[in-house]
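**Q** Residue numbers (our numbering), protein chains in the order written: chain A, 139 to 255; chain B, 139 to 255.
There are 2 protein chains.
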Amino acid sequence: MTTTNEPPVTGQRLDAAPQHPDIGAIELAGVLHALSDPIRLRIVAELAAGGERSCSSFELPVVKSTCTHHFRVLRGAGVIRTRLQGKTRLNSLRRADLERRFPGLLDAVLSAAVSAD
Amino acid sequence: MTTTNEPPVTGQRLDAAPQHPDIGAIELAGVLHALSDPIRLRIVAELAAGGERSCSSFELPVVKSTCTHHFRVLRGAGVIRTRLQGKTRLNSLRRADLERRFPGLLDAVLSAAVSAD
DNA sequence: CTATCAGTTCGATACTCATCGTACTAACTC
DNA sequence: GAGTTAGTACGATGAGTATCGAACTGATAG
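Have a look at this one:
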């Protein structure tokens, strides 16, 4: 595919590793906004139970591209970390980072999510 | 003003007391969304310090109508309570209610708001 | 009664966002 | 190489929302 009649993309590379904010760059409003969506709250709650999960292991009521969107929001807010492994992306909660930045916040949200279930 | 040439409004009354959700009706996603705006976060943080405050006692960088909007969002989410007194509205945090519904959540957000300040 | 004050209501506007479908890509399998 | 798999990229769309200004209201002060 080096000879398509379209010019090569000048933007960011597709296979670039996913970007995660530095601990200090994690903003409270951003985290709260990321957690204020029911689907993302569900992702975070399930992620809190286990270790690393691929995107497709969640049975979410949305199509793939919407799924990508939600994981990107969570990643951009600093809530989850995404690691490339072969053809899948493994997602995990940034528990330690969030705990250092906003002590008690994630636990409070998680137990609230359970009780509101 | 009882004889304007316009028919009387059929909608809700203007002076109706502000509506607050029942404790059980407070939703986690709603609370997180309400707190995910910097202006509202600031209102809540200032409200956490003292008792009752009128809307205008906050020096917010927005006009009055926008102010009304933010207080309505907070009220609708169950975060604050608004009480009519004369010509002002006195707002207070629903600390006890929130603590019962989502233990530790508000405190975690408040201390996070301070540390992120 | 008139004026002021505190706040709401009502558009209007611009921006964000959750969703989808289609096309694409990169790794893996056959 | 041809398919399959697990996503991402890219519009497009519709819903929500943060903002403003102007008009209004209800209580109080003069």
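Every residue gets a Cβ at the ideal spot worked out from N, C-alpha and C, and that includes glycine.
Select from Glu237(A), Arg239(A), Arg213(A) the residue whose C-alpha is nearest the C-alpha of Ser230(A).
**A** If you number the first sequence from 1, residue 230(A) lands on position 92. Nearest of Glu237(A), Arg239(A), Arg213(A) to Ser230(A), Cα basis: Arg213(A).
**Q** To the nearest angstrom, how far is it from the Cα of Ala250(B) to the Cα of Arg221(A)?
**A** As a first step, residue 250(B) must be located in the second sequence, where it is residue number 112. As a first step, residue 221(A) must be located in the first sequence, where it is residue number 83. Taking the straight line joining both Cα atoms gives about 27 angstroms.
**Q** Does the Cβ-Cβ distance between Ile164(B) and Gly216(B) come in under 9 angstroms?
**A** Locating residue 164(B) in the second sequence gives position 26, where the first residue counts as 1. Locating residue 216(B) in the second sequence gives position 78, where the first residue counts as 1. Going by C-beta atoms, Ile164(B) is nearer than 9 angstroms to Gly216(B).
**Q** Pull the bridge partners of Gln223(A) from the DSSP assignment, please.
**A** Counted from its first residue, the first sequence places residue 223(A) at position 85. Partner(s): Thr226(A).
**Q** Please report the straight-line C-alpha distance between Phe240(A) and Leu166(A), rounded to a whole angstrom.
**A** On the first sequence, residue 240(A) is found 102 positions in, with the first residue counted as 1. On the first sequence, residue 166(A) is found 28 positions in, with the first residue counted as 1. For Phe240(A) and Leu166(A), the distance between alpha carbons rounds to 8 angstroms.
**Q** Alpha helix (DSSP H) containing Phe209(A): first to last residue?
**A** For the purposes of this step, residue 209(A) is taken as residue 71 along the first sequence, with counting starting at 1. Start and end: 202-215.
**Q** Sort Thr226(A), Ala187(A), Leu236(A) by Cα distance to Pro159(A) and report the nearest one.
**A** As a position in the first sequence, residue 159(A) is number 21, starting the count at 1. The candidate whose alpha carbon is nearest that of Pro159(A) is Leu236(A).
**Q** Compare the C-beta of Phe240(B) against all C-beta atoms of chain A and say whether one is closer than 9 angstroms.
**A** The residue you call residue 240(B) lines up with position 102 of the second sequence. So yes, Phe240(B) belongs to the interface.
**Q** Mapping the DSSP letters down to three states, classify Ser192(A) as helix, strand or coil.
**A** In the first sequence, residue 192(A) corresponds to position 54, counting from 1. Strand at Ser192(A).
**Q** Strictly under 9 angstroms for the Cβ-Cβ distance: is Leu212(A) near chain B by that measure?
**A** As a first step, residue 212(A) is located in the first sequence; it is residue number 74 there, counting from the start. Output row for Leu212(A): interface = no.
**Q** Using C-beta distances below 6 angstroms, list every residue in its chain close to Glu190(A), excluding the 5 sequence neighbours before and after it, in chain order.
**A** Residue numbering aside, residue 190(A) sits at position 52 when the first sequence is read from its first letter. So the list reads Leu228, Ser230, once near-sequence residues are dropped.
**Q** With H, G and I counted as helix, E and B as strand and the rest as coil, what does DSSP make of Leu135(B)?
**A** With chain B covering 139 to 255 only, the question about residue 135(B) has no answer from this structure.
**Q** Closer than 9 angstroms, CB to CB, is Glu165(A) near chain B or not?
**A** Within the first sequence, residue 165(A) is the residue found at index 27, counting from 1. It does; some Cβ of chain B falls within 9 angstroms.
**Q** When we look at the beta-carbon of Val147(B) and count the other beta-carbons within 10 Å, is it buried (16 or more) or exposed?
**A** Against the second sequence, residue 147(B) aligns to sequence position 9. Residue confidence for Val147(B) is low, a pLDDT of 35 falling below 50, so the modelled location carries little weight; the figure read from the coordinates is stated next. Label assigned to Val147(B): exposed.
**Q** By the 10 Å Cβ neighbour count, where 16 or more other Cβ atoms means buried, how is Val211(A) classified, buried or exposed?
**A** Your numbering for residue 211(A) matches position 73 in the first sequence. Classification of Val211(A): buried, given that the 10 Å Cβ count is 16 or more.
**Q** DSSP three-state label for Ile181(B), please.
**A** By one-based count along the second sequence, residue 181(B) stands at place 43. In the structure shown, Ile181(B) sits in a helix (DSSP, three-state: H, G or I).
**Q** If you draw a straight line from the alpha carbon of Ile218(B) to that of Ala155(A), how long is it in whole angstroms?
**A** As a working note, residue 218(B) is residue 80 in the second sequence. As a working note, residue 155(A) is residue 17 in the first sequence. Approximately 42 angstroms, taken between the alpha carbons.
**Q** Any beta carbon from chain A within less than 9 angstroms of Gly216(B)'s own beta carbon?
**A** Against the second sequence, residue 216(B) aligns to sequence position 78. For Gly216(B), the answer is no, since every Cβ of chain A falls outside 9 angstroms of its Cβ.
**Q** If you run the structure through DSSP and keep just helix, strand and coil, what is Ile218(B)?
**A** Position 80 of the second sequence, counted from the start, is the residue given in the question as residue 218(B). DSSP places Ile218(B) in strand when its eight states are reduced to three.
**Q** Strictly under 9 angstroms for the Cβ-Cβ distance: is Ser194(A) near chain B by that measure?
**A** Position 56 of the first sequence, counted from the start, is the residue given in the question as residue 194(A). Output row for Ser194(A): interface = no.
**Q** Pull up the distance between the alpha-carbon of Arg232(B) and that of Val169(B), whole angstroms please.
**A** Numbered from its first residue, the second sequence carries residue 232(B) at position 94. Numbered from its first residue, the second sequence carries residue 169(B) at position 31. So the alpha carbons of these two residues sit roughly 12 angstroms apart.
**Q** Give me the Cβ distance between Ala186(B) and Leu248(B), rounded to the nearest whole Å; I'm assuming they're in contact under 8 angstroms.
**A** In the second sequence, residue 186(B) corresponds to position 48, counting from 1. In the second sequence, residue 248(B) corresponds to position 110, counting from 1. That pair is a contact at about 5 angstroms.
**Q** Along the alpha helix (DSSP H) that carries Ser237(B), what are the first and last residues, could you check?
**A** Numbered from its first residue, the second sequence carries residue 237(B) at position 99. It is Glu, not Ser, that sits at residue 237(B) in the sequence shown. It spans 233-239 - the alpha helix (DSSP H) in which Glu237(B) sits, taken as one unbroken run.
**Q** Give the C-beta separation of Thr226(B) and Ser192(B) to the nearest angstrom, bearing in mind that I take them to be a contact with Cβ-Cβ under 8 angstroms.
**A** Position 88 of the second sequence, counted from the start, is the residue given in the question as residue 226(B). Position 54 of the second sequence, counted from the start, is the residue given in the question as residue 192(B). Going by Cβ atoms, the distance from Thr226(B) to Ser192(B) rounds to 4 angstroms, so yes, they are a contact pair.
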